[in-house]
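Numbering (the UniProt record's numbering), first residue to last: 1 to 185.
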């Protein structure tokens with residue numbers, strides 16, 4: 001029974017990310033082909049280095065992307081630190097002391113900036129890093145549509161209310177996923 005639940009949960013994640021891809025017609029897999037042609041290879045190299053150093057980082061990057069997409073859409077809002085105008089999502093109950101990989105994304109962003117400054121969004125870096133982390137462990141690849149804009153705000157309250165608890169059963173997870181309409185910017 002546990003195996004079946006795990007299988008269903010895997011399909012839910014796949015379904016969610018497929019919805020994200022399908023609902024983003026304005027995005028393109030070749031968005032940075034001219035403006036930053038080395039972006040994807042730079043991200044891949046940095047992800048491979050991080051995963052080679054610690055295999056568990058692959059799952060952490062995928063989870064970080066999921067938590068980003070589930071709250072305000074795949075907009076990088078989970079990466080934002082608290083400031084005077086909002087309290088970010090990092091300290092939300094489902095994220096606090098459990099999300100990892102922020103330093104890996106910061107490192108990748110720094111490397112990408114050195115190749116082409118102020119071009120590639122953090123939201124796209126996180127999406128590509130999630131895909132590349134799965135591939136680094138031998139998982140299947142998928143096309144990542146690019147061109148997301150980074151969020152300028154984050155929502156602690158939305159993260160607390162929308163992210164499923166780690167103790168959620170399959171029915172609760174299915175319900176939470178069915179209520180989501182993925183958005184990107």
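Even glycine gets a Cβ: it sits at the ideal position worked out from N, Cα and C.
Query, Result
"Cutoff 8 Å; reference residue 81; Cβ partners in own chain excluding five residues on either side", "88 and 90"
"For residue 35 and residue 46, the rounded distance between their alpha carbons", "20 Å"
"Whether residue 27 touches residue 145 by CB criterion (8 Å)", "yes"
"Local conformation of residue 152 per DSSP, three classes", "coil"
"Residue nearest to residue 105 in terms of C-alpha spacing, selected from 141, 167, 166 and 63", "63"
"Given residue 99 as reference, the closest of 125, 168, 67 and 122 once Cα atoms are compared", "67"
"C-beta contact flag for residue 121 and residue 162 at 8 Å", "no"
"Whole-Å CB distance - residue 49 paired with residue 116, under 8 Å assumed", "Incorrect: roughly 19 Å between the Cβ atoms, too far for contact."
"Cβ pair residue 31, residue 147 closer than 8 Å", "yes"
"Span of the alpha helix (DSSP H) around residue 103", "102-115"
"Distance CB(residue 57)-CB(residue 110) smaller than 8 Å", "no"
"Selection from 71, 33, 164 and 60 that minimises the alpha carbon distance to residue 156", "71"
"Residue 51 versus 154, 131 and 178, residue with shortest Cα-Cα distance", "131"
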